[in-house]
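Participant: Numbering-wise (UniProt numbering), the sequence shown opens with residue 1 and increments by one. Where a beta carbon is used, it is the ideal one built from N, C-alpha and C, also for glycine. Quick one: the structure is below, questions incoming.
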Amino acid sequence: MSIKEAYCRAHTNIALIKYWGKSDPVNIVPTSSSLSLTLDRFYTDTRVSFQAQLDQDQFFLNGQEQEKAERDKISRFLDHFRQLSGVNYRAQVSSYNHVPTAAGLASSASAYAALAGACREALDLDLTDSQLSRFARRGSGSATRSIFGGFVEWSQGSSPENSMAIPIDAANWDIGMVVIAVNKGAKKISSRQGMAHTLATSPFYEEWVKQSRQDLDEIKTAIAQRDFTTVGQIAEANAMRMHATTLAANPPFTYFEEETLTAIRAVQDLRAAGYDVYYTIDAGPNVKILCPASQMTAIEEALGQYFASEKIISTLPGGPIQILSEWTYDNND
Ligand code: ADP
Ligand code: DP6
């Protein structure tokens, strides 16, 4: 087996049918399947190098060496690759997020997809992309879907072995997303904590799972028919159903902030004005608007009445993970 230094880029993804709860928290198997759109604008670049002389894993994020808790997460993730490859070297991992970290803009998705892709390349592992998505899942569930571009399903599966991503459609039709980054700061309740608390205490949870399965079937049909409006309507309803589970949790909580509601109202106003726009919201206050790419510039302009322009970021659908041929960041971290 050859071991080399490897660099990988992965894009974030935003779920249109949300993953919100685990049936197996140790192996990160979800209670229901989900479906997302990979985004071009937001991504993570990760470098990994397994080295015989290291006595512990090292982890740098955006040039800063991370503390033990973050390093331990990375180590546990690398262990899956060490186990598979039989290579027991520790590794140096350096990662740069081109997306705010822990703000509900899916940094953990691009992070673990990029690290998984870099590990496959570094250790020369014979894994298909779907097989690799099973590994990405162990870092963060949503990372499963970031292995592929376009619309991607994370099929729940019946066991840790067959819970993996499936590419659904390249999304190379008239689709875009406008993100309203109302708050780029780190959230107080992580996705992991939020979904566990909801599953354990929300009386709405069972209904959420049932409805989400139906939403998934319907959105897949709408994607196959390239029926944008139905895709948007289902995505918006599914997001609100997820957030309803948090309001019914005990104690209740919400990821919404004041400006989240302003953004929802803005989308409703735009829709009334004839734009084909639908919002979705993850475990954070930021709002993502699904829209036809051809309307993106006009929508950005219209949103200028509600938000400062630096809070509005447009993006097209993104592609799959990609091995980078060189590392353009500072090589010391
Ligand atoms: P987000 O909405 O950004 O995905 P989460 O709370 O789900 O928020 O995940 C954020 C966590 O993901 C961070 O606290 C960190 O542990 C991990 N993470 C983010 N970026 C990276 C990265 N580039 N490499 C490794 N881990 C990362
Ligand atoms: C609301 O994938 O971040 O964004 O598996 O615990 O790391 P862990 O959670 P994570 O959760 C994402 C939740 C979501 C919905 C989604 O992306 O499907």
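Assuming T221 is part of the alpha helix (DSSP H), what are its boundary residues?
Facilitator: First-last of the alpha helix (DSSP H) with T221: Y205 to A224.
Participant: I want to know whether the segment 45 to 57 touches the segment 226 to 237 - three or more CB-CB distances under 8 Å.
Facilitator: Counting Cβ pairs under 8 Å, fewer than three are found: no touch.
Participant: Check each candidate in G149, W154 and D217 and name the one with the smallest Cα separation from residue 339.
Facilitator: Coverage of the chain is limited to positions 1 through 333, which leaves residue 339 absent and any answer about it impossible.
Participant: Is the beta carbon of A224 less than 7 Å from the beta carbon of T280?
Facilitator: Their beta carbons are not under 7 Å apart, which means A224 does not touch T280 by this criterion.
Participant: Taking all protein chains shown into account, decide if N250 is buried (16 or more other Cβ within 10 angstroms of its Cβ) or exposed.
Facilitator: Under this definition N250 is an exposed residue.
Participant: May I ask you to check if the CB of R76 is nearer than 6 Å to at least one heavy atom of the ligand DP6?
Facilitator: Not so, every heavy atom of the ligand DP6 lies at least 6 Å from the Cβ.
Participant: Using DSSP with H/G/I as helix, E/B as strand and the rest coil, what is A249?
Facilitator: In this structure, A249 counts as coil in the three-state DSSP scheme.
Participant: DSSP on P317, reduced to helix/strand/coil?
Facilitator: Residue state, collapsed to three classes: strand.
Participant: Buried or exposed, going by whether 16 or more other CB atoms sit within 10 Å of the CB of P25?
Facilitator: Counting Cβ neighbours within 10 Å, P25 comes out exposed, since fewer than 16 surround it.
Participant: Label N88 either buried or exposed according to how many other C-beta atoms from any shown protein chain fall within 10 Å of its C-beta, with 16 as the threshold for buried.
Facilitator: Counting Cβ neighbours within 10 Å, N88 comes out exposed, since fewer than 16 surround it.
Participant: Please output, in chain order, the residues near the ligand DP6 using a CB cut-off of less than 5 Å to any non-hydrogen atom of the ligand.
Facilitator: Answer in sequence order: A15, K18, Y19, S34, S108, S140, G141, S142, S191, R192, D282 and A283.
Participant: Go ahead and pull the three-state DSSP assignment for K188.
Facilitator: In this structure, K188 counts as coil in the three-state DSSP scheme.
Participant: Run through DSSP, which three-state label would N238 get?
Facilitator: Here N238 sits in helix by DSSP.
Participant: Which term fits A222, buried or exposed, when burial requires 16 or more other beta carbons within 10 angstroms of its beta carbon?
Facilitator: By the 10 Å Cβ count, A222 comes out buried.
Participant: Should S95 be counted as a contact of the ligand ADP given a C-beta to heavy atom distance under 6 Å?
Facilitator: Checking the Cβ of S95 against the ligand ADP gives yes.
Participant: Give the secondary structure of N162 by DSSP, where H, G and I count as helix, E and B as strand, and everything else as coil.
Facilitator: It is helical.
Participant: If we require 3 or more residues per run, which beta strand (DSSP E) segments fall completely within the segment 34 to 91?
Facilitator: The segment 34 to 91 contains these whole beta strand (DSSP E) runs: 34 to 51 and 58 to 61.
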